[in-house]
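Just so you know, the protein sequences line up as chains A and B, in that order.
Take 29 as the starting number for the first sequence in the working numbering and just add one per residue.
Take 29 as the starting number for the second sequence in the working numbering and just add one per residue.
Virtual Cβ for every residue (Gly too), placed ideally from N, Cα, C.
Everything numeric in this text was worked out from a predicted model, so none of it was measured.
One structure is given here, and the rest of the page talks about it.
There are 2 protein chains.
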Amino acid sequence: MEIGLSVEAENRIGVLHKITGIIVELGGNIVYTQQFIKDDDIGFIYMEIENIDDLEELKNKLSKLSCVKSFEIHNTLKKVFGKRVIIIGGGVQVAEVARGAISEADRHNIRGERISVDTLPVVGEDNLAEAVRAVANLPRVGILVLAGSLMGGKITEAIKELKEKTNIPVISLKMFGSVPKVADLVVGDPLQAGVLAVMAIAETAKFDINRVKGREL
Amino acid sequence: MEIGLSVEAENRIGVLHKITGIIVELGGNIVYTQQFIKDDDIGFIYMEIENIDDLEELKNKLSKLSCVKSFEIHNTLKKVFGKRVIIIGGGVQVAEVARGAISEADRHNIRGERISVDTLPVVGEDNLAEAVRAVANLPRVGILVLAGSLMGGKITEAIKELKEKTNIPVISLKMFGSVPKVADLVVGDPLQAGVLAVMAIAETAKFDINRVKGREL
Numbered sequence: 029m030e031i032g033l034s035v036e037a038e039n040r041i042g043v044l045h046k047i048t049g050i051i052v053e054l055g056g057n058i059v060y061t062q063q064f065i066k067d068d069d070i071g072f073i074y075m076e077i078e079n080i081d082d083l084e085e086l087k088n089k090l091s092k093l094s095c096v097k098s099f100e101i102h103n104t105l106k107k108v109f110g111k112r113v114i115i116i117g118g119g120v121q122v123a124e125v126a127r128g129a130i131s132e133a134d135r136h137n138i139r140g141e142r143i144s145v146d147t148l149p150v151v152g153e154d155n156l157a158e159a160v161r162a163v164a165n166l167p168r169v170g171i172l173v174l175a176g177s178l179m180g181g182k183i184t185e186a187i188k189e190l191k192e193k194t195n196i197p198v199i200s201l202k203m204f205g206s207v208p209k210v211a212d213l214v215v216g217d218p219l220q221a222g223v224l225a226v227m228a229i230a231e232t233a234k235f236d237i238n239r240v241k242g243r244e245l
Numbered sequence: 029m030e031i032g033l034s035v036e037a038e039n040r041i042g043v044l045h046k047i048t049g050i051i052v053e054l055g056g057n058i059v060y061t062q063q064f065i066k067d068d069d070i071g072f073i074y075m076e077i078e079n080i081d082d083l084e085e086l087k088n089k090l091s092k093l094s095c096v097k098s099f100e101i102h103n104t105l106k107k108v109f110g111k112r113v114i115i116i117g118g119g120v121q122v123a124e125v126a127r128g129a130i131s132e133a134d135r136h137n138i139r140g141e142r143i144s145v146d147t148l149p150v151v152g153e154d155n156l157a158e159a160v161r162a163v164a165n166l167p168r169v170g171i172l173v174l175a176g177s178l179m180g181g182k183i184t185e186a187i188k189e190l191k192e193k194t195n196i197p198v199i200s201l202k203m204f205g206s207v208p209k210v211a212d213l214v215v216g217d218p219l220q221a222g223v224l225a226v227m228a229i230a231e232t233a234k235f236d237i238n239r240v241k242g243r244e245l
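Right, dumping it as structure tokens:
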């Protein structure tokens, strides 16, 4: 069983260390953790934990920590927001790819899936390369779409790095530069690119990106 | 100084506990952490850490942990992906709000900001309420937009809860149901809603949502 655990705690050095300690004690495996600061003095911790059989004992131990202000056990973010399509590039193209992807995600989510579509409009080779590289640090990424008219150089290198580090497939719009050469699939129409991105990660779709690897549409 | 730290480590119970231990030792304050499982046996840890003066010592200590396969120090996700506009609701309206938001974010990001636009098309009162509630667990959220034609009941309760827990402003499309009654701002045109959502969180925009609180556009 996988649970989501949200904890509001004092923003003090060592608080996360104490909470992870409790989970380790109870034999839990932390499959996803996230901690951020809400206000100046409150830390907000969210965790997805496998293998904690004794939820009452977890609640007990957390209640006894003086640094913990409140906590809740609930569904995981994975269950709520699902797999993510990440679209990065120039404003107008990102918007069009997103339009295709959101409409297609809607159709799959209606059938019980969870696919979210997340975008970053950003300009400049260095910024784009950094964003592509940072995709490796985002949770729940299913696929990456590069949307623009000209991308190469450091962006291409960043895609190669991402592909070494992760299994995330990459779709590129048909564009100038070397990015289409390292993408798994190149698509001319931005709506179609968005739809295919969702189809590639949807369990309710029949499309297998590996069967069209290196193709251009 | 705030740094981003990525670590690839064995997926074993207690690994996160060891790494946070090192950071605590060096006087670091973990402002954001994230851990997820890449493959069956590799855990991927990402952290944003304040107040570590001695980066060499951090590198030294991490190198000596046998459970650590590799690590990198780099820019934070906050710097790369920035503040997030979250859009939740029905497919066609989510897509239109996103179109407005992405175009507007593009205009601000060109001037050096970082705003990303993230969406979840989802249907059903329970699913929508759960998604709204889960927004409290997402990092870097700047604003939430509810896009649909009819939302109320549990969704309205979830918005109230979110507003108690966080400072996240909520924009609602003009729609049937009680959601518009609890939103900070109600907007008829989805493109305009997207543009205003970005303007409300952009530092390069003059729009202050608090000055129009409770208004309908």
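Grab the span of the alpha helix (DSSP H) containing residue i for me, first residue to last.
{"i": "asparagine 88 of chain B", "result": "83-92"}
{"i": "glycine 49 of chain B", "result": "43-53"}
{"i": "lysine 209 of chain A", "result": "207-210"}
Tell me the rounded alpha-carbon separation between residue i and residue j.
{"i": "glutamate 153 of chain A", "j": "leucine 148 of chain B", "result": "29 Å"}
{"i": "leucine 44 of chain B", "j": "isoleucine 58 of chain A", "result": "8 Å"}
{"i": "methionine 75 of chain B", "j": "arginine 40 of chain A", "result": "16 Å"}
{"i": "glutamate 90 of chain A", "j": "glutamate 124 of chain A", "result": "The sequence as given places leucine at residue 90 of chain A; glutamate does not occur at that position. Computed Cα separation, rounded: 46 Å."}
{"i": "isoleucine 229 of chain A", "j": "valine 113 of chain A", "result": "8 Å"}
{"i": "leucine 166 of chain A", "j": "glutamine 62 of chain A", "result": "11 Å"}
{"i": "arginine 243 of chain B", "j": "valine 145 of chain A", "result": "29 Å"}
{"i": "alanine 157 of chain A", "j": "threonine 184 of chain A", "result": "8 Å"}
{"i": "lysine 241 of chain A", "j": "alanine 233 of chain B", "result": "43 Å"}
{"i": "serine 98 of chain B", "j": "valine 215 of chain A", "result": "35 Å"}
{"i": "arginine 5 of chain B", "j": "glutamate 85 of chain A", "result": "In the structure as shown, chain B begins at 29 and stops at 245. Residue 5 of chain B is therefore absent and cannot be evaluated."}
{"i": "leucine 213 of chain B", "j": "aspartate 69 of chain A", "result": "29 Å"}
{"i": "isoleucine 80 of chain A", "j": "valine 223 of chain B", "result": "44 Å"}
{"i": "aspartate 82 of chain A", "j": "glycine 55 of chain A", "result": "10 Å"}
{"i": "alanine 211 of chain B", "j": "alanine 186 of chain B", "result": "12 Å"}
{"i": "alanine 225 of chain B", "j": "glycine 181 of chain B", "result": "24 Å"}
{"i": "glutamine 121 of chain B", "j": "glycine 119 of chain A", "result": "19 Å"}
{"i": "isoleucine 51 of chain B", "j": "valine 96 of chain B", "result": "14 Å"}
{"i": "valine 151 of chain B", "j": "proline 197 of chain B", "result": "22 Å"}
{"i": "asparagine 238 of chain A", "j": "threonine 194 of chain A", "result": "15 Å"}
{"i": "leucine 93 of chain B", "j": "isoleucine 73 of chain B", "result": "14 Å"}
{"i": "threonine 48 of chain B", "j": "serine 131 of chain B", "result": "40 Å"}
{"i": "isoleucine 138 of chain B", "j": "arginine 127 of chain A", "result": "21 Å"}
{"i": "glutamate 192 of chain A", "j": "glutamate 192 of chain B", "result": "43 Å"}
{"i": "isoleucine 199 of chain A", "j": "isoleucine 115 of chain A", "result": "9 Å"}
What is the residue span of the beta strand (DSSP E) that residue i lies within?
{"i": "glycine 222 of chain A", "result": "Counting along the chain, glycine 222 of chain A falls outside any beta strand (DSSP E), though it belongs to the alpha helix (DSSP H) covering 218-229."}
{"i": "lysine 97 of chain B", "result": "96-102"}
{"i": "valine 215 of chain A", "result": "213-215"}
{"i": "isoleucine 115 of chain A", "result": "111-117"}
With a threshold of 7 Å (Cβ to nearest heavy atom), would residue i be considered close to the ligand FAD?
{"i": "lysine 92 of chain A", "result": "Ligands displayed in this structure: none; no statement on the ligand FAD is therefore possible."}
Could you pull the DSSP bridge partners for residue i from this structure?
{"i": "threonine 61 of chain B", "result": "A/Gln63 and B/Met75"}
{"i": "phenylalanine 204 of chain B", "result": "B/Leu178"}
{"i": "glycine 32 of chain A", "result": "A/Glu76 and A/His102"}
{"i": "alanine 37 of chain B", "result": "B/Gly71 and B/Val96"}
{"i": "isoleucine 199 of chain A", "result": "A/Val173 and A/Leu213"}
{"i": "arginine 243 of chain A", "result": "A/Leu213"}
Can you give the beta carbon distance from residue i to residue j, rounded, assuming they're within the 8 Å contact cut?
{"i": "alanine 221 of chain B", "j": "valine 173 of chain B", "result": "6 Å"}
{"i": "alanine 175 of chain A", "j": "proline 218 of chain A", "result": "6 Å"}
{"i": "leucine 190 of chain B", "j": "arginine 161 of chain B", "result": "7 Å"}
{"i": "glycine 71 of chain B", "j": "glutamate 38 of chain B", "result": "7 Å"}
{"i": "arginine 168 of chain B", "j": "phenylalanine 109 of chain B", "result": "7 Å"}
{"i": "isoleucine 77 of chain A", "j": "leucine 33 of chain A", "result": "6 Å"}
{"i": "glycine 205 of chain B", "j": "leucine 178 of chain B", "result": "5 Å"}
{"i": "glycine 170 of chain B", "j": "lysine 107 of chain B", "result": "The pair is not a contact, with the Cβ atoms about 15 Å apart (cut-off 8 Å)."}
May I have a chain-ordered list of the beta strand (DSSP E) segments no shorter than 3 residues that lie completely inside the segment 119-195 of chain B?
143-149 and 169-175
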